[in-house]
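Using our numbering, the first residue of the sequence shown is number 892, and each one after it goes up by one.
Heads up, the beta-carbon is just placed ideally off N, CA and C, and yes, glycines get one too.
All of these numbers come straight from a predicted model, not from anything done at the bench.
Right, one structure below, let's go through it.
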Amino acid sequence: MSPVLGAVVTAVVVSAVLALLVPWLRRRGVLDIPGSRSSHEVPTPRGGGLAVMVGVSVGYVVAGGDSAIVIGLGVAAGLIGLADDISGLSARVRLAGQVVIVGVAVPFLLADLTWAWYWQVAFGAVVFLGAVGFINAFNFMDGINGISGVQLLIAGGAWCVVGVVEDLDSVTVAGAVTAAAAVAFLPWNFPRARVFLGDVGSYFSGAWLSAVAVVATVHGAPVEAMAAPLLVYVADTVTTLLRRRVQGESLTSAHRDHTYQRLLLDGWDHARVTGIAGLFMVLASVGGIASVTDSWGLRVGGWAVIAAAVTGYLLMPRMASNRTRDAVAR
């Protein structure tokens, strides 16, 4: 396998496809129109994630990636998102599609497990719920310039390190093409957004990252190392849904209650929010990478770093509000 070749091919393909795709999306009127709940102010093409999906798929295959199921699940999810971007699908149809494709994929994702059947069934249920959940979490979190590109970049970079240290070439390749796709996409989306990932990009990314993490874990990668880069997205989504449930608010209606959205409402700009989210993603990833060592002390320390990173991110709106009040009081 050649992660460097895969990364180069991915970056070239993503850049080339975006150059052709963005004008086409504008001509077709595939635009996100700002609304009262939006975090952007001008109509912007959506669907740029199609370039990410194509680039990652091509780069992974060229690099010698040997897990068809990770590409298959990602592309299947991306196509559901593409249909929604272009034609519009109801939430029920989108969720039903996700349930079907993940349900079909789970046995293949776990094909190399040698556990007792009942443990495989239990783990399969966790994987199923986790994958469907993370596809939607990625979609919910993809709401400001750059944040999802940074998520892909940091997850890909962290997984490259894990793959090299653990001698898991497939993880190294997956990480390399993921990071390369982010590097190619970010100039189109950050700091000023000329295109959004759209549902095609967020669904593909959520499914792809889920599949890579599961297959890598099945083949021996520490679960903390694979999960840690994704936990900021997971924690923000879970705590937001729980908070809305406790407050008796609809879980399906549009809102601006995510941690990153609350920071925007407190006066932060997109670049600052994306930067702070990325910082906590990096810290969590470092904690996860500590798990690849043989030292239990380092591993436990890594868990503490992960917990601190996630907690610190979730507390940012409160800290920002306190600073604002203090500044006004002066």
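Residue i, enclosing alpha helix (DSSP H) - first and last residue
i     : result
I962  : A959 to I977
S948  : G940 to V953
L896  : P894 to R919
T1184 : Unbroken run through T1184: none, as it is neither H nor E.
N1080 : D1060 to N1080
P998  : A982 to L1000
L1154 : T1150 to L1156
A1118 : V1114 to A1118
Secondary structure of residue i, DSSP reduced to three states
i     : result
S1212 : helix
P936  : strand
L922  : strand
L1044 : helix
N1036 : coil
Q1138 : coil
S1101 : helix
R1163 : helix
Residues bridged to residue i [DSSP beta-bridge criterion]
i     : result
F1087 : R937
Pairwise C-alpha distance: residue j and residue i
i     : j     : result
A1013 : A1098 : 20 Å
V1017 : D1160 : 36 Å
V853  : A967  : Shown here, the chain extends from 892 to 1221; a query on residue 853 therefore has no answer.
Q1011 : R917  : 47 Å
V903  : G1024 : 31 Å
A1072 : I971  : 20 Å
L1043 : G940  : 12 Å
L1059 : G956  : 11 Å
Local Cβ density within 10 Å of residue i, reported as buried at 16 or more and exposed below that
i     : result
P1120 : buried
L1088 : buried
W1187 : exposed
R937  : buried
L964  : buried
G946  : buried
L1020 : exposed
Q1138 : exposed
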